[in-house]
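Chains as they are written, first to last, in my numbering: chain V, 1 to 314; chain Z, 315 to 975. No residue lacks a Cβ here, since even glycine has one placed at the ideal position from N, Cα and C. Owing to the predicted nature of the structure, the values given are computational and were not obtained by experimental measurement.
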Ligand SMILES: Nc1ncnc2c1ncn2[C@@H]1O[C@H](COP(=O)(O)OP(=O)(O)OP(=O)(O)O)[C@@H](O)[C@H]1O
Ligand SMILES: [Mg+2]
C-alpha cells in the first residue's frame with residue numbers, strides 16, 4: 001500500500017493582484033505525498049495555506065510554481081475528477097435546489113445512470129440524516145444541514161480520493177461524531193482521505209499521518225503515533241487514587257531520580273504538539289520545527305533545532 | 315413603405331459568406347494567439363510562451379468539440395431552473411398585462427391598425443426578452459464565481475467548455491420557453507385584437523353617375539366604416555377596403571325584395587405577400603443604357619428619376635419567370651412610384667405612364683398598360699398568360715388613352731420601336747416576321763414569347779451572369795416635363811400569398827435569433843467581466859449592432875468625408891465633404907494615417923458586432939411581406955457563425971481564469 005495518490009512537488013502559490021504585484025506568499029515549495037488508503041490531516045493556524053493547497057490540487061487555483069497531482073495527473077485532465085470527491089471549506093451549493101435535486105444534478109455530471117443515481121442519492125441523504133428535509137430548498141436549510149448536503153455531494157461518485165476542507169465546521173456534536181465514523185469507514189473501504197481541520201482531537205483519532213503548515217511552510221510531517229510519542233516523558237494514568245497514594249507515588253519517583261511534572265488527566269497531545277510547533281515557528285521564522293518524537297522529517301535548514309524548549313511545558 | 319433588402323438565394327450567399335466567415339475567424343484567433351504569446355512571453359520567456367500557446371490551442375480543440383451532451387444538458391437545466399426559481403415567469407406576466415392593456419394606448423384611429431398591432435407586439439416581445447436575457451446572463455456566471463458554487467462544478471469531471479455551453483443552452487432554452495407562449499399570446503392578440511365586423515346601416519341608394527350601381531355604407535366599428543357597392547346587373551355586393559382590410563359580404567334576398575347583408579370578420583388584413591424583385595437598369599433620355607436615372611434634387615438619392623415623353627425608361631429584369639409565378643392565370647406586378655412634376659400638368663388626372671414587358675433576347679416588347687400614376691402609392695399590373703392584342707383588352711383600362719396619340723391596338727409596334735431604341739439589342743426578329751402590328755399574329759403566349767429561357771448580362775465588375783427564364787419589365791413616363799422616380803425594390807412580381815401565421819412564426823424566429831445572440835454575448839462576456847461591465851458590453855453589442863451598416867461602411871472607408879480626423883479638419887477649414895483634401899499639407903497626411911488606424915479598428919469591430927437589425931424581421935410581418943425561407947436560413951447561419959467563435963472565446967476566457975478569483 002505505498003502507491004502515491006496525491007502528490008505535490010515544489011508547490012508554490014503567490015497571490016497577486018490585478019496588476020501582477022505580489023500580495024501574499026501563501027504556499028512555499030510544498031512537497032507532499034499521500035499514499036493510497038491513507039488518511040492525511042493537514043493542520044495549521046488560520047491563513048497558513050491549507051485551503052490553498054487543496055485548491056491547487058483541485059485546479060481551482062493555478063500554481064505559481066511546481067506541480068499538484070492527483071493520480072499522477074494535473075487538474076487540466078478533467079477525467080481524473082471522476083474519482084475525486086471534494087467538500088469545500090464552506091458550502092458552495094446552489095441554494096435554489098432541493099437536496100434531492102442537487103445530488104441528482106451532481107450525479108448527472110458523473111454520467112451515473114439514472115437508477116443508480118437515485119439509489120445513491122437516497123442512501124447518502126439517509127446517511128447524512130436529512131431524509132426528513134430532502135424535498136426542501138437548500139436556502140431554507142441551517143448551516144449544518146447544508147454542510148451535510150455538501151458531504152453527501154462529495155461522495156455521490158463513490159470517489160477513491162476524498163478531499164475534505166474542515167469537514168466538521170458547523171456540525172453539531174453528533175454530526176462531528178458521525179463525520180469521524182464516516183472517515184474511518186472510508187478508510188476501511190480503502191479510500192484515501194485528505195482533510196484539514198482545527199479539531200485536533202478528531203484529527204488525532206482518525207488520521208494516519210499529519211502535516212503542519214505555518215505561513216505557507218510545512219513545519220512538520222509524519223505518522224501520528226510516532227509524532228505523539230514523547231520519548232523523555234512518561235505519563236502515568238490510573239483510576240482515581242486517594243491523595244495519600246499520589247503522595248506515595250511522588251516519593252517513589254523521587255527515589256529513582258525522577259520528578260513528577262504533573263499528575264492528572266492526560267492532555268490531548270496532538271494539541272500540545274500543534275501549539276508547540278506553531279509557537280516555535282513564530283519565534284524562529286523560517287526554521288523547520290522540531291517536534292517531539294521521531295518525526296519522519298526532512299532535515300531543517302539550520303541543521304539542528306533540538307534546543308527548542310517546550311515552552312508550554314509546566 | 316417597401317421592404318428594400320433583396321435576399322439572395324442561400325446557395326449563392328453561403329459559399330462566399332462562409333469563406334469570409336472562415337477568414338475572419340482565423341484572423342481573430344490568430345490575433346488572440348499572438349497576443350497571448352506576447353503577454354506570456356513577458357512572463358515566462360518566448361520559448362515557454364510558444365509551448366504554452368501550442369498546448370492551449372491543442373487542448374482547446376479537444377475540449378471544445380468533445381463535450382458531453384448529458385453534462386451540458388444537466389448544466390443547462392440547472393441554469394433554467396435557477397432562472398425559473400428566480401421568478402422569471404414574472405416577465406411573462408408583465409407581458410400578458412401589457413398585451414391586456416395595449417388596446418388602451420394603441421391609437422384606434424390609425425390608418426394601418428394591423429401594422430400598428432404587429433409592430434407593437436413584436437417590439438414588446440423583442441425588448442422584453444432581450445433585456446431579460448441581458449440581465450440574466452450578466453448575473454449568472456459572475457454570481458457563480460462570487461458564491462463559489464462553480465467550485466463544486468469544476469471539481470467534477472466537467473470541461474470548462476461544458477460550463478460555457480451549459481449556460482448558453484440553459485438560457486436559450488429559457489428564452490425559447492418564454493417566447494413560445496409569448497408568440498401564441500401575440501398571435502391571439504393580433505388576430506383577436508382586430509376582430510370586428512360591421513352591419514349595413516342604411517338602405518342602399520342609386521349611384522348618381524352610374525345607373526347600374528347602388529351605394530351604401532356600413533356602421534362604424536373600430537373607428538371606421540366601409541362603403542358597399544352593389545352591382546345591380548350581376549346582383550353582387552362589394553365592400554371597399556379601408557384600414558387595410560375588407561370583410562366577406564353575403565347577401566340574402568327576401569321574397570319581398572328586401573335585401574339583407576351579412577358581413578364576416580376582417581379579411582386581407584394580415585397577409586404575407588410573396589414578392590420577387592428584379593434588377594433595375596435605366597435608359598437615359600436618348601434611350602442609351604445608363605447607370606442611373608436623373609437626380610431631381612433630392613438629397614436622399616434612393617430613387618432615380620426618368621424624364622417623361624423621352625426615351626428614358628426603367629428596366630427591371632426578372633428571372634425565374636415560370637408558370638408557377640402565375641396567380642389567377644396572370645403575372646401580377648406591383649409598382650410604387652414617386653412623381654416629380656415640373657409643371658402642374660392636367661389637373662383632372664395624374665401623370666400618365668406606360669408599363670411594358672419585353673423579351674431580353676428577342677427584343678419583342680408589349681405595351682401592357684397605360685396607367686395613371688398614383689400619388690399615394692401603388693399601381694398593380696396584371697399580365698395574363700395568353701395575350702390577345704387585337705381584342706384590345708389589355709391595352710385599354712378604364713379609358714386611359716396613350717397621350718402620344720398612339721392607338722392602343724398599335725401599342726406593341728410602338729413598343730418594339732422602343733426596344734430598338736434601347737440600343738443594347740444585338741438582334742431581334744424583323745417586324746414583318748412578328749407582324750405585331752398586323753393581324754397575322756395577335757396572340758402571344760407570355761412564357762413562349764416574352765420570357766427568354768436563358769439570358770446573360772454583365773455586372774459592374776464585368777462578370778457574366780447567366781440567368782434562366784428572364785423577362786424584362788419597362789416603365790416609362792409618357793408626359794412631357796414630368797418625371798417618374800423609382801428604385802429597385804419599387805417594382806416586384808407578386809406571387810401567391812403565404813399563410814400569415816407561418817410568416818408570424820418566422821418573424822418570431824427573428825426575435826429568437828436576437829435572443830440567442832444576446833444570450834451568447836452575455837454568457838461569453840460574463841466569463842471574464844463583472845456583472846455591470848457585462849451588461850454594458852452586451853448592450854453595446856446589441857445597440858452597436860443596429861448601426862452595423864454604418865460601421866461596415868466606415869470600416870471599408872466608404873463614408874463620404876473620410877474618418878473622424880479628416881472630418882474634423884474639414885469642419886475647421888469649412889470645406890465641403892465631397893472635395894478631396896489637399897494632400898500636400900502635413901496635418902492632412904497625419905490625420906489620414908490616424909484615420910486609417912481608426913478605420914481598421916472599426917472594421918475589426920464591425921466583425922465582432924453582428925448586424926442586429928438584420929435579424930429584426932418584424933417589419934416584414936407588419937408590412938405584410940413574406941419572410942423568405944432563404945432569409946431565415948441565412949439568419950440562422952449568421953447566428954451560428956457568431957455562436958461558434960464566441961463559444962470558443964468564452965471557453966478560452968474561462969479556462970485561463972483562476973476559478974478562485
Ligand atoms: N483569493 C485570495 N487572494 C489573496 N490572498 C488569498 C486568497 N485566498 C487566500 N489568500 C491568502 O493565502 C493565505 C492562505 O490562505 P488559506 O485559505 O489557504 O488558509 P487556511 O490555512 O485554509 O486558513 P483557515 O484555517 O482559516 O481556513 C492567507 O494568508 C490568505 O490571506
Ligand atoms: Mg481554509
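According to DSSP, is residue i part of a helix, a strand, or is it coil?
| i | result |
| --- | --- |
| residue 14 (chain V) | strand |
| residue 207 (chain V) | coil |
| residue 976 (chain Z) | The question about residue 976 (chain Z) has no answer, for chain Z in this structure spans 315 to 975. |
| residue 806 (chain Z) | strand |
| residue 225 (chain V) | helix |
| residue 777 (chain Z) | coil |
| residue 817 (chain Z) | helix |
| residue 900 (chain Z) | helix |
| residue 217 (chain V) | strand |
| residue 196 (chain V) | strand |
| residue 702 (chain Z) | strand |
| residue 34 (chain V) | strand |
| residue 744 (chain Z) | With a pLDDT of only 37 at residue 744 (chain Z), under 50, the local geometry of the prediction cannot be trusted, and the value read off the model is given with reservation. Residue 744 (chain Z): coil per DSSP, three-state reduction. |
| residue 733 (chain Z) | Because the pLDDT at residue 733 (chain Z) is just 39, under 50, the model does not fix this residue reliably, and the value given afterwards should be weighed accordingly. It is helical. |
| residue 782 (chain Z) | strand |
| residue 879 (chain Z) | helix |
| residue 544 (chain Z) | strand |
Counting only C-beta atoms, is residue i closer than 8 Å to chain V at any point?
| i | result |
| --- | --- |
| residue 809 (chain Z) | no |
| residue 351 (chain Z) | no |
| residue 392 (chain Z) | yes |
| residue 491 (chain Z) | no |
| residue 471 (chain Z) | yes |
| residue 962 (chain Z) | no |
| residue 287 (chain Z) | Residue 287 (chain Z) lies beyond the residue range present for chain Z, which begins at 315 and ends at 975; the question has no answer from this structure. |
| residue 466 (chain Z) | yes |
| residue 972 (chain Z) | yes |
| residue 888 (chain Z) | no |
| residue 590 (chain Z) | no |
Nearest chain Z C-beta to residue i closer than 8 Å, yes or no?
| i | result |
| --- | --- |
| residue 213 (chain V) | no |
| residue 132 (chain V) | no |
| residue 82 (chain V) | yes |
| residue 58 (chain V) | yes |
| residue 119 (chain V) | no |
| residue 153 (chain V) | yes |
Looking at the unbroken beta strand (DSSP E) that takes in residue i, where does it start and where does it end?
| i | result |
| --- | --- |
| residue 937 (chain Z) | Counting along the chain, residue 937 (chain Z) falls outside any beta strand (DSSP E), though it belongs to the alpha helix (DSSP H) covering 932-937. |
| residue 535 (chain Z) | Neither: residue 535 (chain Z) is in no beta strand (DSSP E) and is coded neither H nor E. |
| residue 403 (chain Z) | Looking at the DSSP string, residue 403 (chain Z) is not in any beta strand (DSSP E); the run it does join, the alpha helix (DSSP H), is 403-419. |
| residue 796 (chain Z) | 796-800 |
| residue 246 (chain V) | From DSSP, residue 246 (chain V) is part of no beta strand (DSSP E) but of the alpha helix (DSSP H) over 243-255. |
Listing by chain order, which chain V residues have their CB less than 9 Å from the CB of residue i?
| i | result |
| --- | --- |
| residue 486 (chain Z) | What residue 486 (chain Z) touches in chain V: nothing, since even the nearest Cβ is about 19 Å away. |
| residue 399 (chain Z) | 96, 97 and 137 |
Residue i versus chain Z: which residues are under 7 Å apart at the beta carbon?
| i | result |
| --- | --- |
| residue 78 (chain V) | 471, 472 and 473 |
| residue 62 (chain V) | 972 |
Starting from the beta carbon of residue i, find every residue of chain V whose beta carbon is closer than 8 Å, and list them in chain order.
| i | result |
| --- | --- |
| residue 482 (chain Z) | In chain order: nothing, as chain V lies at least about 17 Å away. |
| residue 396 (chain Z) | 94 and 96 |
| residue 462 (chain Z) | 88, 90 and 92 |
Check whether the Cβ of residue i lies closer than 7 Å to any heavy atom of ligand 4, and answer yes or no.
| i | result |
| --- | --- |
| residue 50 (chain V) | Only ligand 1 and ligand 2 can be found as ligands here, which leaves ligand 4 out of the picture. |
In the DSSP assignment, the alpha helix (DSSP H) including residue i goes from what residue to what residue?
| i | result |
| --- | --- |
| residue 377 (chain Z) | 360-379 |
| residue 945 (chain Z) | 943-969 |
| residue 388 (chain Z) | 383-399 |
| residue 72 (chain V) | Element bounds for residue 72 (chain V): n/a, residue is neither H nor E. |
In chain V, which residues lie less than 7 Å from residue i when you measure between Cβ atoms?
| i | result |
| --- | --- |
| residue 388 (chain Z) | 105, 108 and 109 |
Taking only runs that begin and end inside the region 616-669 of chain Z, name each unbroken alpha helix (DSSP H) of 4 or more residues, in chain order.
-> none
Could you tell me which uninterrupted beta strand (DSSP E) segments, each at least 3 residues in length, are contained entirely in the region 428-493 of chain Z, listed from first to last along the chain?
-> none
Taking only runs that begin and end inside the region 142-178 of chain V, name each unbroken beta strand (DSSP E) of 3 or more residues, in chain order.
-> 161-165
Run through the region 75-146 of chain V for me and flag every whole alpha helix (DSSP H) of 4 or more residues, listed as ranges in chain order.
-> 99-109 and 114-127
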